[in-house]
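Here the sequence shown stands for residues 1 to 366, numbered as in my numbering. Written out below as structure tokens is the structure these notes cover.
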Amino acid sequence: MNIQNLRNLSLRNFRSHKNLELDLNSNFVFFSGPNGVGKTNILEAISLFSPGRGLRGANLNDLKSISSSVNWKLFSVFQVAEELLEVEICLDDDGKKTIRVDGKKKPLIYLGNILKIIWLTPSMDRLWTGVASERRKFLDRIVMNFFPDHPRDCLFYEQALRKRNQLFKENQTDLAWFSAIEKQMAEIGYRIDVNRRKVINILIESQKTLIERGFLPYLEVYLSSPEIINIEKFQEDLFNGRTKDKVLCRTLIGPHRSDLVVRHRAKNIEARYCSTGEQKALLLTLFVANAFAICRKFGAPPIILLDEIVAHLDQENFLNFFDQLKFINAQIFATGTEKSYFERLNLDFLSFDLKLTEEGIGFLVN
1 MNIQNLRNLS LRNFRSHKNL ELDLNSNFVF FSGPNGVGKT NILEAISLFS PGRGLRGANL
61 NDLKSISSSV NWKLFSVFQV AEELLEVEIC LDDDGKKTIR VDGKKKPLIY LGNILKIIWL
121 TPSMDRLWTG VASERRKFLD RIVMNFFPDH PRDCLFYEQA LRKRNQLFKE NQTDLAWFSA
181 IEKQMAEIGY RIDVNRRKVI NILIESQKTL IERGFLPYLE VYLSSPEIIN IEKFQEDLFN
241 GRTKDKVLCR TLIGPHRSDL VVRHRAKNIE ARYCSTGEQK ALLLTLFVAN AFAICRKFGA
301 PPIILLDEIV AHLDQENFLN FFDQLKFINA QIFATGTEKS YFERLNLDFL SFDLKLTEEG
361 IGFLVN
């Protein structure tokens with residue numbers, strides 16, 4: 001199996017790190033230290049080497065160091081199979097994210113085709129009890145790994161959706177305008193729905209590997225909304241729904257109304273009604289299934305980011321989770337206030353103990 005590993009990382013004027021250099025020659029890297037020292041900021045920087053706004057979903061301008069007026073910049077060296085890639089990501093003067101690979105400017109989608117980076121954060125604990133939009137974002141993040149154009153489709157669909165809803169608010173009667181927007185929504189919306197369902201089937205299939213290894217629960221996954229059969233039918237449904245949509249000034253059908261539904265199969269209970277421990281276990285199942293699916297599809301494990309993983313998992317789920325992850329041999333970056341849990345795993349890992357100094361943030365390497 002091939003590898004994709006991050007070997008070196010440099011942060012310039014990024015969040016709390018004015019100038020940080022890290023040599024990451026390990027398959028497991030742990031960042032420890034007190035709260036507020038910038039551990040999660042490092043994971044966020046790594047997450048930006050995939051499409052989108054990273055694991056916090058932050059505005060790109062908010063990533064700049066508060067102690068500097070200079071835009072942030074990230075430098076890295078990735079090993080992908082036998083090739084080393086020098087990747088630079090920065091915020092340009094127009095407030096946009098730009099990418100250079102081996103010194104050459106590349107489109108934002110480029111890294112999504114060659115690097116697969118996935119993450120778990122404490123905020124995901126509320127995934128099953130929160131709003132549907134957060135579950136859609138979670139699913140779309142997974143879909144992006146298999147269909148790199150998916151984020152662009154979601155963006156264009158949302159833009160068309162807002163235009164259609166605005167026409168209702170303005171009481172527009174131009175039928176040609178409605179038809180043009182609905183045609184665009186139908187074409188893109190159908191593709192979004194198809195890709196989401198394809199990836200859900202991939203995740204369901206990937207669970208078989210987890211079941212063979214035991215520990216994590218088996219789950220059922222599906223979308224709450226009916227399948228979009230084809231472009232023409234979706235466009236016809238949008239046309240037929242104009243009268244009702246106009247009253248509410250919003251569009252009542254489409255992939256933006258869909259919810260990701262997860263059920264605990266053994267107990268036949270929807271995730272939102274499960275206990276807190278079971279909800280976390282279901283999230284871990286979905287996460288590991290995604291990692292296994294990426295391995296099978298692309299012949300290499302993803303890079304995995306785990307923010308404060310010990311703080312939001314009990315010991316049983318923690319040990320079961322890492323038993324699965326060790327099997328795929330992925331490069332893992334984790335944060336926490338202490339590392340005793342990881343020492344019990346018998347892993348060879350590189351540890352950075354971050355601390356605040358008079359000069360800023362420093363660290364010791366163990």
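From the three backbone atoms N, C-alpha and C, an ideal C-beta is built for every residue, glycine too. These numbers come from a predicted model, not from an experiment.
Which whole-angstrom value is the C-beta distance of Glu158 and Phe239, which I expect to be below 8 Å?
Going by Cβ atoms, the distance from Glu158 to Phe239 rounds to 20 Å, so no, they are not a contact pair.
Cα-Cα separation, Arg141 to Ala291:
13 Å
Pull the bridge partners of Ala58 from the DSSP assignment, please.
Ala58 is not bridged to any residue.
Nearest-angstrom Cα distance between Val247 and Gly241?
10 Å
From the DSSP output, in three-state form, read off Asp23 for me.
strand
Identify, in the order they occur along the chain, each residue of the same chain with its Cβ nearer than 8 Å to the Cβ of Leu161, setting aside the five sequence neighbours on each side.
Met185, Thr251, Gly254, His256
Could you tell me the boundaries of the alpha helix (DSSP H) in which Glu278 lies?
276-298
Contacting residues, own chain, Cβ-Cβ under 7 Å from Leu48 (five flanking each side not counted):
Gly54, Leu74, Ile89
Is Pro226 buried or exposed, if buried means 16 or more other CB atoms sit within 10 Å of its CB?
So Pro226 ends up on the exposed side.
Given that a residue counts as buried once 16 or more other Cβ atoms are within 10 Å of its Cβ, and exposed if not, what is Gln4?
Buried.
Determine the closest residue to Leu20 out of Leu43, Pro34, Phe28, with distance taken between C-alpha atoms.
Leu43
How long is the line joining the alpha carbons of Ser26 and Lys267, rounded to whole angstroms?
40 Å
Quick one: Cα of Leu354 to Cα of Pro34, how far?
8 Å
Roughly how far, in whole angstroms, is the beta-carbon of Trp128 from the beta-carbon of Val262, given that I think they are within contact range, below 8 Å?
7 Å
Residue ranges of each alpha helix (DSSP H) run of no fewer than 4 residues wholly in the segment 56-117, ordered along the chain?
Fully enclosed alpha helix (DSSP H) runs of 4 or longer: 110-114.
With distances taken from CA atoms, which of Gln166, Phe156, Gln207, Tyr218 is nearest Tyr190?
Phe156
Would you tell me roughly how many angstroms separate the C-alpha atoms of Leu84 and Leu6, rounded to the nearest one?
10 Å
Less than 8 Å separating the beta-carbons of Pro302 and Ala330?
Annotated as proximal: Pro302 and Ala330, with beta-carbon spacing under 8 Å.
Top-ranked residue by Cα proximity to Tyr110, from Phe215, Ser50, Ala180:
Ser50
Give the straight-line distance between the Cα atoms of Phe138 and Glu170, rounded to the nearest whole angstrom.
33 Å
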